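Peer 1: One structure, as structure tokens, below. Some questions next.
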Amino acid sequence: MEHQQPPYPPLALALSVWGLAAALYLTGFFHRVAPAVITSELMTGFGLSAAALGNLSALYFYSYVPFQVPFGALADKFGPRRVLAAGALLASLGAFAFAAAPNYALAGSGRFLIGAGVGVAFVCMLKLASHWFRPRHFAMLAGFSLLCGAVGAVSAGAPLRMLSDAYGWRLVIGSTGAFTLLLAVAIWLVMRDDPQEWRYATHSHPAPEGTLARSLLGGIRESLRARNVRLIFFVSSGVSGAPLTFGGLWGVPFLTTHYGYSTTAAAALASLVLLCWALPSPLMGLLSDRLHRRKPIYVVSALIAAAAWTVVILVPELPRGVLVTLLVVAGCASAGVMVGFAYAKESAPAALAGTTTGIINTGNMLGGMLMQPAVGWILDRYWDGTLADGVRVYSVDAYRAGFTLMLAWLAVSLILVGFTRETNCRQLR
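Put into structure tokens, the structure is as follows:
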């Protein structure tokens, strides 16, 4: 009797499994952006300078970034379910610590734990996508992943500002800890790593003989042997670093001080940058899939983003309409970075999809991790002693000097992306 292959999983089931990981990623993006909206409370409550605030915000990245590759390898070895449940539990503990922190040290520890916990989400989302969805949809799902993150970023904008005004930022952050704890339980009870666990066919390619025995370092070395993986790592740092630095921390005080926006309006505009970074991401992936090309999408989008950021940073006193338009363009063009995940995945061995995703996501976060405190350090160097309600106020020249770091990294990224090799949307190894 001829063996009949089981059917592929229903789309609703696949989306439900993937959606649990997406919920953790959404929560992570909320915490990533939250300090931008409550800068005044954090600076006055903990007595922080700009450099110290930058470091407090970046402590999220200090744990998030170094663990991306190990988390990817752990997802390859143990499966996303276990890794996601543990990460959600750790993130909930971090949120509770940050919300209750009486001092800078405990607040920083909470931010560090949050970053480590939610850091598992993105690599596991794409690992799940490679098992539960068709390969041709991978780039589009990478874009939808960022879109989920943008929902978290938007919720950390004007909604967080209004809730903080009404109930205090500590209660709001503590509530996210409770939500993340419930999410950890749901992931453990409901999620499955592969459709075969529910007797459906998997979309994952079988690993070549011997690949599962690779060590963690061996898998990392094997992924990094691909030139595209190395180049995209650095390119993504520059392209993603700009919206993470501006929208994730320094855009709100810049817009309130020098363009006269209220804190709520500035938070909404900073969130708009991150939302625009995410909204076109699925379309970028879909366009790339339809054209069977990765490189042109990446190059053109990075070039447009660099041009828009250059005008925003170097041209003083832009009309508000022009400023908003340029920020929207910069955010939308930065979405091209999501094509890099499929680009890199196709360049490295298929069995190392989680490890490769971790490497590229490390690059994505590296720019924000380094530039947020670096911009703060430059702002402090340019500070002329001006205070408003006990909070330091920085000049336009100070912000321009700090934001120039974004432009320099973007310029290097534009050079490096030109050396990548087109995959034509095919798995090369």
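Position 251 (the sequence shown) corresponds to 254 in this note's numbering; numbering is contiguous. A virtual CB, placed ideally from N, CA and C, is assigned to each residue, including glycine. The structure displayed is predicted, hence computed values, not measured ones.
(1) Grouping DSSP H, G and I as helix and E and B as strand, with all else coil, what is R35?
(2) Which same chain residues, not among the five before or five after M374, have their C-beta less than 6 angstroms away from its C-beta?
(3) Taking M128 as the reference, give the member of I41, N364 and R424 with the closest Cα.
(4) Could you name each continuous alpha helix (DSSP H) segment of 4 residues or more that falls completely within the segment 180-262, going from the start of the chain to the end?
(5) Can you check DSSP and say which residues form a bridge with A391?
(6) Restricting to runs no shorter than 3 residues, where is the beta strand (DSSP E) found entirely within the segment 296-327?
(7) According to DSSP, is G370 part of a helix, a strand, or is it coil?
(8) Kindly indicate the opening and closing residues of the alpha helix (DSSP H) around H134.
(9) Which residues mark the beginning and the end of the alpha helix (DSSP H) in which Y11 is found?
(10) In chain order, what residues of the same chain lie with their CB nearer than 7 angstroms to the CB of A15, ignoring the 5 residues before and after it?
(11) Which value, in whole angstroms, describes the spacing of the CA atoms of I117 and A100?
(12) Indicate whether L87 and I190 have their beta-carbon atoms separated by less than 8 angstroms.
(13) Here's the rule I'm using: 16 or more other beta-carbon atoms within 10 Å means buried, otherwise exposed. How should Y170 be labelled?
(14) Report yes or no: do three or more beta-carbon pairs, one from the segment 191-210 and one from the segment 36-46, lie closer than 8 angstroms?
(15) Taking the alpha-carbon of V232 as reference, which of R293, G366 and P299 has the nearest alpha-carbon?
(16) Does the segment 28-43 come close enough to the segment 146-162 to have 3 or more Cβ pairs within less than 8 angstroms?
(17) Measuring CB atoms only, is the segment 124-144 touching the segment 346-365, in the sense that at least three cross pairs come out at less than 8 angstroms?
(18) Hey, L282 and A401 are a contact pair by Cβ (cut 8 angstroms); roughly how many whole angstroms apart?
(19) Quick check on T407: does DSSP put it in helix, strand or coil?
(20) Assign T423 to one of three DSSP states: helix, strand, or coil.
(21) May I ask whether a heavy atom of the ligand MN can be found less than 7 angstroms away from the beta carbon of T183?
(22) Let me know the secondary structure DSSP gives P162 once reduced to three states.
(23) Just the Cα atoms here: how many angstroms apart are G160 and Y264?
(24) Less than 7 angstroms between C-beta atoms, sequence neighbours within five positions excluded: which residues of the same chain meet that for W412?
(25) Under 8 angstroms Cβ to Cβ from N106, same chain only, skipping five residues before and after it: list those, please.
(26) Does the Cβ-Cβ distance between V332 and A311 come in under 8 angstroms?
(27) Is DSSP giving F70 helix, strand or coil here?
(28) So, for Y301: in the same chain, excluding its five sequence neighbours on each side, which residues have a beta-carbon less than 6 angstroms away from its beta-carbon?
(29) Helix, strand or coil for S52? Go by DSSP, reduced to three states.
(30) Can you give me the Cβ contacts of N427 inside the same chain, cut-off strictly under 6 angstroms, excluding the 5 residues immediately before and after it?
Peer 2: Walking through what the data contain:
(1) Looking up residue 35 in the sequence shown gives position 32. Three-state DSSP puts R35 in a helix.
(2) Here residue 374 refers to the residue found at position 371 when the sequence shown is read from its first residue. G244, T248 and L408, listed in sequence order.
(3) In the sequence shown, residue 128 corresponds to position 125, counting from 1. Here the closest residue by C-alpha is N364.
(4) 219-227, 230-248 and 254-261
(5) Residue mapping note: residue 391 aligns to position 388 of the sequence shown, counting from 1. Paired residues: V394.
(6) none
(7) Taking the first residue of the sequence shown as position 1, residue 370 is located at position 367. Note: G370 maps to helix in three-state DSSP.
(8) Here residue 134 refers to the residue found at position 131 when the sequence shown is read from its first residue. Taken as a continuous stretch (DSSP letters only), the alpha helix (DSSP H) holding H134 covers A124 to W135.
(9) Position 8 of the sequence shown, counted from the first residue, corresponds to residue 11. That residue, Y11, is in no alpha helix (DSSP H); it is neither H nor E in DSSP.
(10) Along the sequence shown, read from residue 1 onward, the residue named residue 15 stands at position 12. Counting only Cβ-Cβ distances below 7 angstroms, and skipping sequence neighbours, we find nothing.
(11) Residue numbering aside, residue 117 sits at position 114 when the sequence shown is read from its first letter. Residue numbering aside, residue 100 sits at position 97 when the sequence shown is read from its first letter. Between I117 and A100, the alpha-carbon positions lie close to 9 angstroms from each other.
(12) Here residue 87 refers to the residue found at position 84 of the sequence shown. Here residue 190 refers to the residue found at position 187 of the sequence shown. Closer than 8 angstroms, so yes.
(13) On the sequence shown, position 167 is the one that residue 170 refers to. When all chains shown are included, Y170 counts as exposed.
(14) In this structure the segment 191-210 does not touch the segment 36-46; the number of beta carbon pairs closer than 8 angstroms is below three.
(15) Counting from 1 along the sequence shown, the entry for residue 232 is found at position 229. Of R293, G366 and P299, the smallest CA-CA separation from V232 is found for G366.
(16) yes
(17) yes
(18) For the purposes of this step, residue 282 is taken as the residue at position 279 of the sequence shown. For the purposes of this step, residue 401 is taken as the residue at position 398 of the sequence shown. Under the criterion of beta carbons closer than 8 angstroms, L282 and A401 do not qualify as touching, at roughly 31 angstroms.
(19) Here residue 407 corresponds to residue number 404 of the sequence shown, with the count starting at 1. Here T407 sits in helix by DSSP.
(20) Residue mapping note: residue 423 aligns to position 420 of the sequence shown, counting from 1. It is coil, neither helix nor strand.
(21) The ligand MN is not part of this structure, which contains no ligands at all.
(22) The count along the sequence shown starts at 1 and reaches residue 162 at position 159. P162: helix per DSSP, three-state reduction.
(23) On the sequence shown, position 157 is the one that residue 160 refers to. On the sequence shown, position 261 is the one that residue 264 refers to. If you take the alpha carbons of G160 and Y264, they lie about 14 angstroms apart.
(24) Within the sequence shown, residue 412 is the residue found at index 409, counting from 1. Cβ neighbours of W412 beyond the five flanking positions: S240, G241, G244 and G370.
(25) As a working mapping, residue 106 is identified with position 103 in the sequence shown. Within its own chain, the residues whose Cβ lies closer than 8 angstroms to the Cβ of N106, once the five positions on either side in sequence are excluded, are F49, listed in chain order.
(26) Along the sequence shown, read from residue 1 onward, the residue named residue 332 stands at position 329. Along the sequence shown, read from residue 1 onward, the residue named residue 311 stands at position 308. Yes; because the gap between Cβ atoms is below 8 angstroms, this pair is in contact.
(27) Locating residue 70 in the sequence shown gives position 67, where the first residue counts as 1. Reduced to three states, the DSSP call for F70 is coil.
(28) The residue labelled residue 301 in the question sits at position 298 within the sequence shown. Excluding positions up to five away in sequence, the list reads G339, V342 and V420.
(29) Taking the first residue of the sequence shown as position 1, residue 52 is located at position 49. Coil, per DSSP.
(30) Counted from its first residue, the sequence shown places residue 427 at position 424. For N427, where only same-chain residues beyond five positions count, the Cβ hits under 6 angstroms are H295.
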